[in-house]
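Structure first, commentary second.
Residue numbers (the working numbering), protein chains in the order written: chain A, 1 to 385; chain B, 1 to 197.
See the structure below:
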């Protein structure tokens, strides 16, 4: 049985099946972007172990095709296993071994990047200082205990947990949160607006005056879903504190009292705090003379890290990112008023993998072809003599 | 043969470990209440990527913050309590009739101008229009660019201006009986002109 399994795992047929499946997946995923948008299509087709049907919901879901992660993982296992099974040490095969090692690093690096890399944005207007970046594609419900005069304790509940629904309990919270409604994309209207027929889903806070209309998911590259939810707050030993509407559209946090402390409730883009801060001193947007065509964007920022006694200026511009503490800051965009800069913040623990893989593959090919070239030259020399 | 099985086990273990995604976990952390401070280093005019350690670098405690905006409130306007839907509210009264002024902000672009303008038209009893471009008048307030509309229905009139800044859209809207709105129009224009971030 094990022998048979290993025969399958190490077979070239499996490689071919994976490559064909990858081609089909890429084709289907590319077509799906028309209706789903690039972000959702990536999530469903490439950054998943299976493509599911139906794609959403909590009922029975059937995997209908292997996803990008599964195909990549099987290819990686297939490559490593086949190589381990057939490995024979010989100088004449050294180049082939190196080339395969490079491919393994490339595949593993790609998979690790997909699984562990975190991308976020830091949006700074001139003079702004931030010590966190935000993921505009992922929201979080922040439940903030503001009772301490020195600091706020934040319990950040990811959008994915809210989407699952049910009851949320955490040791940092003296109450449980019950998700009554969840909207992946929504529009809010005041209940007093003419023509509004929906009923409010909350009975506390300003949400009691607002109705939520469910709308289809945003599909444009620059469009975002407006995530909204209604959560009921139920303390362990007292009556319910009511149902509250949480939505990115509400702006200011809502305040309530529970367990003798003051709390804030706010839905916002997921935040990644840093042990250092970044200040935008100046944003420069150069255009080609006489046109509106961008020539160069540059952000002059000050990096302050008290832990490492760092206080320095850095110029971030196209193809010239700032790398600091495992994160890379790229000049990604700007706002129309030319005073606001958007830096893309990427934390990718395996960012060196493609560089190493390319070098190893190149050396492997050089060694392999060099070995044959030398052998060929020698034979030719012998024949000529 | 053993090598093949071993390598499969290693990769499978890594993948199973990776299934527990960080973005599905509830996180708890502390954020200092103090405001972030920023002091550029002495050589602020000479940007460089070279490290220049400074032992006296000021501490930069983290903070939470809300969008910053400033304006000058025209005379005769009084503040009303803001709500979570409204960033700020004002009211003004002339001859016993009141106008309501609201400041609302949303992240993103706040929806299309057509939807917004038609919704406001509906609020004052006007029918929707196919193209709102003819109704929108651009206005500049320093570096800010406002789009403005002035629409009058049978019993109410709306003056509205909106601008997009730092990933948010800001709506400024004055609603009330047509006669009072006409009197408050210069104040509303001055209010928009005073907006700064």
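In this text, a Cβ means the ideal position worked out from N, Cα and C, and glycines have one as well.
> Looking at the structure shown, is residue 180(A) part of a helix, part of a strand, or coil, going by DSSP?
Replying inline: strand
>> Helix, strand or coil, according to DSSP, for residue 94(A) in the structure here?
In response: helix
>> Can you pull the chain B neighbours of residue 234(A), defined as C-beta to C-beta under 9 Å?
In response: Under the 9 Å cutoff, chain B gives no residues; its nearest Cβ is about 17 Å from residue 234(A).
> residue 278(A) to residue 53(A), Cα distance in whole Å?
Replying inline: 44 Å
> Within 9 Å (strictly less), CB to CB, does residue 106(B) reach chain A?
Replying inline: yes
>> Nearest by alpha-carbon distance to residue 80(B): which of 72(B), 73(B), 74(B) and 89(B) is it?
In response: 89(B)
> With a CB to CB cut of under 8 Å and the five nearest residues on each side skipped, what residues in its chain are close to residue 310(A)?
Replying inline: 276, 303 and 304
>> For a contact defined as C-beta to C-beta under 7 Å, what are the partners of residue 340(A) on chain B?
In response: 166
> Who are the neighbours of residue 151(A) on chain B, taking C-beta pairs under 7 Å?
Replying inline: 30, 31, 32 and 33
> Among 20(A), 171(A), 37(A) and 4(A), which one has its Cα closest to the Cα of residue 224(A)?
Replying inline: 37(A)
> Do we get a CB-CB distance below 9 Å when we pair residue 123(A) with the residues of chain B?
Replying inline: yes
> residue 14(A) to residue 29(B), Cα distance in whole Å?
Replying inline: 46 Å
>> Below 8 Å, how does it come out for the region 105 to 112 of chain A and the region 352 to 371 of chain A: are there three or more Cβ pairs, yes or no?
In response: yes
> What residue range is occupied by the uninterrupted alpha helix (DSSP H) comprising residue 1(A)?
Replying inline: Segment: none, residue 1(A) is in no alpha helix (DSSP H) and carries neither H nor E.
> Where do the ends of the alpha helix (DSSP H) carrying residue 80(A) lie?
Replying inline: 68 to 86
>> Taking the straight line between their C-alpha atoms, what separation do you get for residue 112(A) and residue 349(A)?
In response: 8 Å
> In three-state terms, what does DSSP make of residue 377(A)?
Replying inline: helix
>> Quick test of your reading: residue 230(A) and residue 181(A), contact by CB under 8 Å. State the CB separation rounded to the nearest angstrom.
In response: 4 Å
> Is it the case that the Cβ atoms of residue 256(A) and residue 32(B) are separated by a distance below 9 Å?
Replying inline: no
> Where residue 99(B) and residue 156(B) are concerned, what is the direct C-alpha to C-alpha distance, given to the nearest angstrom?
Replying inline: 10 Å
>> Going by C-alpha to C-alpha distance, which of 204(A), 174(A), 67(A) and 290(A) sits closest to residue 237(A)?
In response: 174(A)
> Alpha carbon to alpha carbon, how far is residue 135(B) from residue 146(B)?
Replying inline: 13 Å
> Which of the three DSSP states, helix, strand or coil, is assigned to residue 349(A)?
Replying inline: coil
> Looking only at its own chain, which residues have a Cβ that is under 8 Å from the Cβ of residue 326(A), when we skip the five neighbours before and after it?
Replying inline: 347 and 349
> Expressed to the nearest angstrom, what Euclidean distance is found between the alpha-carbon atoms of residue 96(A) and residue 364(A)?
Replying inline: 6 Å
>> Which residues in chain B have a C-beta closer than 9 Å to the C-beta of residue 21(A)? List them in chain order.
In response: Within chain B, no residue comes near residue 21(A); the closest Cβ sits about 17 Å away, beyond 9 Å.
>> Let's see if you can read the secondary structure: which residues bound the beta strand (DSSP E) around residue 411(A)?
In response: Look at the range of chain A in this structure, 1 to 385, and you will see that residue 411(A) is not part of it.
> Taking Cβ to Cβ, would you say residue 362(A) is nearer than 9 Å to residue 102(A)?
Replying inline: yes
> Counting contacts by CB-CB distance shorter than 9 Å, is residue 110(A) in contact with chain B?
Replying inline: no
>> Going by beta-carbon coordinates alone, are residue 272(A) and residue 118(A) separated by less than 9 Å?
In response: yes
> Using Cβ-Cβ distances below 7 Å, what residues of the region 194 to 219 of chain A are close to chain B?
Replying inline: 194, 195, 205, 206 and 210
> Quick one: which chain A residues come within Cβ less than 7 Å of residue 195(B)?
Replying inline: Within chain A, no residue comes near residue 195(B); the closest Cβ sits about 12 Å away, beyond 7 Å.
>> Which residue marks the beginning of the beta strand (DSSP E) containing residue 333(A), and which one marks its end?
In response: 327 to 334
> What do you reckon, are the CB atoms on residue 186(A) and residue 212(A) nearer than 9 Å?
Replying inline: yes
> Taking 9 Å as the CB-CB limit, is residue 147(A) close to chain B?
Replying inline: no
> In whole angstroms, what separates the C-alpha of residue 136(A) from that of residue 144(B)?
Replying inline: 24 Å
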